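The structure under discussion appears below in the form of structure tokens.
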């Protein structure tokens, strides 16, 4: 069997690929387990291939039918569709967001439909599909009301995945991811980029400016749990999902102030003092529209788990990164 | 000013056009009233022009950019986007539903965006955006979970209208219509076609087979009220809509059994006896997924009203149609 990972050069795509290479197998939509013969990593920049002969790297635009078509065949029984234009960028460049977040997602689903082999498709959605007046804890039954183009495009992707699954064109699973924190690497154009930056940069000895108020609540998930959840959701039998393929993943609900306090507890007051606050209205408008927590009864029943707390998330980040981070940082 | 009506040859499109010709004026997105210089009726079949020089009939495919582009210019300050492939047909022909219900809607919005004049766009959505396990009375905050491709495509259209409005490309208003009953004319391929047929055909002296059980509850709106609501929603100031452009229109909640009883009360037992029941699983599956009632607090606050009851709806149908119906029918 073959696995396709879109956004395969991204940080989640790369971690997922590494995990799949170690794991070596996945189940198909009939519940039969197959060994993974090939993992295709497609992205706009070249992915690392881990020096593993099973990895095929494809570089290009996933909204291009010819390119996408050559990454999928009837042996491609699993697709992890992670590629996306992030929230801040989709707001700044409307056409680019529509092309990648909507058109490319539909193209991928249409290619699967044409091939007719009903692959499993795991699609990542986001807290950004919610917005407007929300209850303290969002329920599975709470209406979507995205207040950004990114959230709109993700919500449309969810609807398509559900209908294509209902019609038997694909066997889809949509995971609404909490904000991922702590991401390694550099800041990106996501409105939520600070949710990693205010932890990562201070740990690297650098200052970090937080664009939202300390009172703002976030719903967070560590990269480790995100990867575990992607694979676990892939392995679930379709019938366990009932009449909706969309699952709100468990997260940790913390205020930005609590994140700073957790950093101080884990790394000391000097590190925490590297965070300063300078509100940015554009970022705050988007991030404030997202839920600070949602009900996770369904996800728990499906065996999907959250991190223990935000301190645990920071410690895992330090563990994952310790060597590199301490060398690269000026601490 | 110019008005565009897509689906302009359809029964709602024609009634809307006649009403607009009588009314003679509409307000723009800045609240300024203009007289209507032209009404463009575009549809796949030719619309009637009512012998009025203000009506321009355009015949063709609204998913064709060139055709749609020639129906909209910067004087087109009002668009009523009614064209759609109905539920049963969108379920039977997936590509056709996607092309008209999704692609043509997006094309229309993109043409408005390109022109940059921010027209008012009134888009009709449907009970079919709901589905799955629903509360007895659906709330504005209830999640969409369409169980048909038509419902999925309408839900996507809603999301696009909202985002294009938020970004200032159009001034959109989305009306979720209850099932329209009693429609004149012939049965169509909507799964809800029977909701008019079981009243219309018996009144015309013909028998009618109801494909769902008498216990099934429907949420109904008369054609008269639908047209009133389309115009009233067009005239609302944008700021009255808050962070969502979508409004659930008031309706009358009745079971199919109560509809039959109302027909008997209005037209007598002989007429009502022309209805027989023969469940059709495909129709029942779709129609059962729709809500039988939803909360209308918001619509009422906006001044949008329901019919008094189903008897009133039947009497209005007889009034609107009496001459023709009694001639055409065999009663």
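Protein chains in written order, with our numbering: chain L, -11 to 319; chain Y, -11 to 319.
Just so you know, even glycine gets a beta-carbon here, dropped at the ideal spot from N, CA and C.
Small disclaimer: the values here were computed from a predicted structure and weren't measured.
Worksheet entry | For residue 37/Y, the three-state DSSP class (helix, strand or coil) | coil
Worksheet item: In whole angstroms, what is the alpha-carbon distance linking residue 267/Y and residue 127/Y?
Response: 29 Å
Discussion item. Is there a Cβ of chain L sitting closer than 8 Å to that of residue 178/Y, yes or no?
Written reply: no
Fill in: Min CB distance residue 317/Y to chain L below 8 Å
Because the pLDDT of residue 317/Y is 43, which lies under 50, any placement of that residue in the model is unreliable, and the number read from its coordinates should be weighed accordingly. No, residue 317/Y does not count as interfacial toward chain L.
Worksheet entry | Residue-level contact to chain L via CB, residue 153/Y, 8 Å cutoff | no
Worksheet item: Is the Cβ-Cβ distance between residue 200/Y and residue 115/Y less than 8 Å?
Response: no
Worksheet item: Which residues in the same chain as residue 320/Y place their Cβ atom closer than 6 Å to its Cβ, once the five residues preceding and following it in sequence are excluded?
Response: With chain Y represented from -11 up to 319, any question about residue 320/Y goes unanswered, as that position is not in the structure.
Worksheet item: Is residue 141/Y helix, strand or coil by DSSP?
Response: helix
Item to complete: Tell me whether residue 34/L is buried or exposed, calling it buried when 16 or more other Cβ atoms sit within 10 Å of its Cβ.
Response: exposed
Practice prompt. Consult DSSP for residue 1/L and reduce its assignment to one of helix, strand or coil.
Written response: helix
Worksheet entry | Rounded C-alpha distance that separates residue 60/L from residue 20/L | 20 Å
Worksheet entry | Short-range partners of chain Y found in the region 132 to 147 of chain L, where Cβ spacing is below 9 Å | 132, 133, 134, 135, 136, 137, 139, 140, 141, 143, 144 and 147
Worksheet item: Comparing the C-beta of residue 104/L with each C-beta of chain Y, is any distance below 8 Å?
Response: no
Worksheet item: Would you call residue 159/Y buried or exposed, if buried means 16 or more other Cβ atoms sit within 10 Å of its Cβ?
Response: buried
Worksheet item: With a Cβ-Cβ cutoff of 8 Å, do residue 51/L and residue 92/L count as a contact?
Response: yes
Discussion item. Can you find the residues in the same chain that come closer than 6 Å, C-beta to C-beta, to residue 146/L, ignoring five residues on each side of it along the sequence?
Written reply: 113, 162 and 234
Discussion item. Please tell me whether residue 64/L and residue -10/L are closer than 8 Å, where the distance is taken between their beta carbons.
Written reply: yes
Practice prompt. Please report how far the alpha carbon of residue 302/L lies from the alpha carbon of residue 209/L, in whole angstroms.
Written response: 11 Å
Worksheet item: For the candidate residues -1/Y, 96/Y and 299/Y, whose alpha-carbon lies nearest to that of residue 253/Y?
Response: 299/Y
Fill in: CA-to-CA distance, residue 226/L to residue 18/L, given in whole angstroms
9 Å
Practice prompt. Measure from the C-beta of residue 231/L to each C-beta in chain Y and report whether the shortest distance is under 8 Å.
Written response: yes
Fill in: Inside the region 251 to 284 of chain L only - alpha helix (DSSP H) runs reaching at least 4 residues
257 to 260 and 269 to 276
Worksheet entry | Interfacial residues, the region 61 to 93 of chain Y to chain L, with Cβ spacing under 8 Å | 82
Worksheet item: Rounded to the nearest angstrom, how far is the Cβ of residue 222/Y from that of residue 66/Y, given a contact under 8 Å?
Response: 6 Å
Practice prompt. Would you mind telling me which residues of chain Y sit closer than 9 Å to residue 112/L, beta carbon to beta carbon, in chain order?
Written response: Going along chain Y, no residue has its Cβ under 9 Å from residue 112/L, so there is no contact; the nearest lies around 18 Å.
Worksheet item: If you follow the alpha helix (DSSP H) that residue 93/L is part of, which residue opens it and which one closes it?
Response: 93 to 103
Worksheet entry | Extent of the continuous alpha helix (DSSP H) to which residue 26/L belongs | Taken as a continuous stretch (DSSP letters only), residue 26/L belongs to no alpha helix (DSSP H), being part of the beta strand (DSSP E) at 26 to 31.
Item to complete: Could you list which residues in chain Y have their beta carbon closer than 7 Å to that of residue 129/L, in chain order?
Response: 130 and 131
Practice prompt. May I ask you to list the residues that DSSP assigns as paired with residue 165/Y?
Written response: 114/Y
Discussion item. Please report the straight-line C-alpha distance between residue 110/L and residue 46/L, rounded to a whole angstrom.
Written reply: 19 Å
Fill in: Contacting residues, own chain, Cβ-Cβ under 7 Å from residue 196/L (five flanking each side not counted)
185, 186, 189, 190, 262 and 263
Worksheet item: Can you list, in chain order, the stretches of the alpha helix (DSSP H) that have 4 or more residues and sit fully within the region 164 to 203 of chain Y?
Response: 182 to 191
Discussion item. Whether or not the region 284 to 299 of chain L and the region -3 to 17 of chain Y are in contact is what I'm after, with contact meaning three or more pairs of Cβ atoms, one per stretch, closer than 8 Å; do they touch?
Written reply: no
Discussion item. In whole angstroms, give me the CA-to-CA distance for residue 236/L and residue 229/L.
Written reply: 12 Å
Practice prompt. Report yes if the CB atom of residue 153/Y is closer than 8 Å to the CB atom of residue 203/Y, and no otherwise.
Written response: no
Worksheet item: Is residue 135/Y buried or exposed, if buried means 16 or more other CB atoms sit within 10 Å of its CB?
Response: buried
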